[in-house]
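Peer 1: Quick one: the structure is below, and I'll ask about it shortly.
In our numbering, the protein residues as written are 1 to 166.
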């Protein structure tokens with residue numbers, strides 16, 4: 001079972017790196033929620049760099065990022081596989097840029113493994129934090145065929161991010 005979780009976790013964690021979450025941290029942080037038939041796991045980090053600026057009723061973020069090495073899944077071997085799959089030596093960061101939001105919805109660009117894609121997200125403000133939530137498709141970043149012993153990782157992961165507002 002541990003080996004099964006490791007292989008599945010490696011691929012799932014790859015996209016989980018991008019996720020930012022309010023629920024897991026009292027402050028800033030990122031959580032990626034990954035589902036596999038019969039199980040799920042999270043990749044988390046509280047080492048999010050950057051902030052969101054509020055200008056009237058508009059929120060803006062020029063650049064937010066997490067270092068791939070800071071993502072943790074609560075299993076050392078899965079963490080190692082995650083870093084390898086994300087090619088952390090070549091692509092050390094997952095970056096969100098050009099973020100603009102208003103009225104509970106926003107848009108930004110996310111870069112994972114050197115691939116940039118637009119994202120749409122929902123958000124709320126709570127306790128000085130900008131809390132965003134968005135889905136990601138693994139295949140959009142060249143991540144496909146993720147399975148172990150016949151169990152495949154679902155293509156969609158959900159990212160939640162909690163970012164300080166300045």
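Ideal Cβ placement from N, Cα and C applies to all residues, glycine included. Predicted model only: the values in this text are computed from it and were never measured.
1. Would you mind stating whether residue 115 and residue 107 have Cβ atoms separated by less than 8 angstroms?
2. Is it right to say residue 29 is buried, meaning 16 or more other beta carbons lie within 10 angstroms of its own, or is it exposed?
3. Rounded to whole angstroms, what is the Cα-Cα separation between residue 157 and residue 56?
4. How far does the alpha helix (DSSP H) with residue 80 in it extend, from its first residue to its last?
5. Kindly indicate the opening and closing residues of the beta strand (DSSP E) around residue 103.
6. In the DSSP output, what is residue 51 paired with across the bridge?
7. Over what stretch of residues does the beta strand (DSSP E) that includes residue 157 continue unbroken?
8. Would residue 63 pass as a contact of residue 50 if the rule is Cβ separation under 8 angstroms?
9. What do you get for residue 52, buried or exposed, if any count of 16 or more other CB atoms within 10 angstroms of its CB means buried?
10. With a threshold of 6 angstroms on Cβ separation, who are the neighbours of residue 23 within its own chain once the five nearest residues in sequence on each side are excluded?
11. Indicate the three-state DSSP secondary structure (helix, strand or coil) for residue 137 in the structure shown.
12. Tell me, to the nearest whole angstrom, how far the beta carbon of residue 31 is from that of residue 65; I am working on the premise that it is less than 8 angstroms.
13. Is it right to say residue 160 is buried, meaning 16 or more other beta carbons lie within 10 angstroms of its own, or is it exposed?
14. CB residue 73 to CB residue 121, shorter than 8 angstroms?
15. Helix, strand or coil: which one does DSSP assign to residue 117?
16. Would residue 113 and residue 134 be called neighbours here (beta carbons separated by less than 8 angstroms)?
Peer 2: Checking against the coordinates, here is how it stands:
1. Here the question's residue 115 lines up with position 115 in the chain shown. Here the question's residue 107 lines up with position 107 in the chain shown. Taking 8 angstroms as the Cβ cut-off, residue 115 and residue 107 do not qualify as a contacting pair.
2. Working through the chain shown from its first residue, we reach residue 29 at position 29. Result: buried.
3. Numbered from 1 along the chain shown, position 157 holds the residue referred to as residue 157. Numbered from 1 along the chain shown, position 56 holds the residue referred to as residue 56. If you take the alpha carbons of residue 157 and residue 56, they lie about 32 angstroms apart.
4. In the chain shown, counting from the first residue as 1, residue 80 sits at position 80. Element bounds for residue 80: 76-85.
5. If you number the chain shown from 1, residue 103 lands on position 103. That residue, residue 103, is in no beta strand (DSSP E); it is neither H nor E in DSSP.
6. Your numbering for residue 51 matches position 51 in the chain shown. Partner(s): none; residue 51 has no beta bridge.
7. One-based indexing of the chain shown puts residue 157 at position 157. Looking at the DSSP string, the run of the beta strand (DSSP E) that includes residue 157 is 156-164.
8. In the chain shown, counting from the first residue as 1, residue 63 sits at position 63. In the chain shown, counting from the first residue as 1, residue 50 sits at position 50. It is a contact, given that the beta carbons lie within the stated cut-off.
9. Walking along the chain shown from the start, residue 52 turns up at place 52. Buried, by the Cβ-count rule.
10. Within the chain shown, numbered from 1, the residue matching residue 23 stands at position 23. For residue 23, the predicted structure reports a pLDDT of 38, less than 50, and the residue's modelled location is therefore unreliable. A value from the coordinates is still provided. Excluding positions up to five away in sequence, the list is empty.
11. Counting from one through the chain shown, the residue named residue 137 turns up at place 137. Strand, per DSSP.
12. One-based indexing of the chain shown puts residue 31 at position 31. One-based indexing of the chain shown puts residue 65 at position 65. Rounded, the Cβ-Cβ distance is 16 angstroms, inconsistent with contact.
13. Against the chain shown, residue 160 aligns to sequence position 160. So residue 160 counts as buried.
14. Residue numbering aside, residue 73 sits at position 73 when the chain shown is read from its first letter. Residue numbering aside, residue 121 sits at position 121 when the chain shown is read from its first letter. The answer is no: Cβ separation not under 8 angstroms.
15. Sequence index remark: in the chain shown, residue 117 carries index 117 (1-based). In the structure shown, residue 117 sits in a strand (DSSP, three-state: E or B).
16. Stepping through the chain shown from its first residue, residue 113 is reached at position 113. Stepping through the chain shown from its first residue, residue 134 is reached at position 134. Not closer than 8 angstroms, so no.
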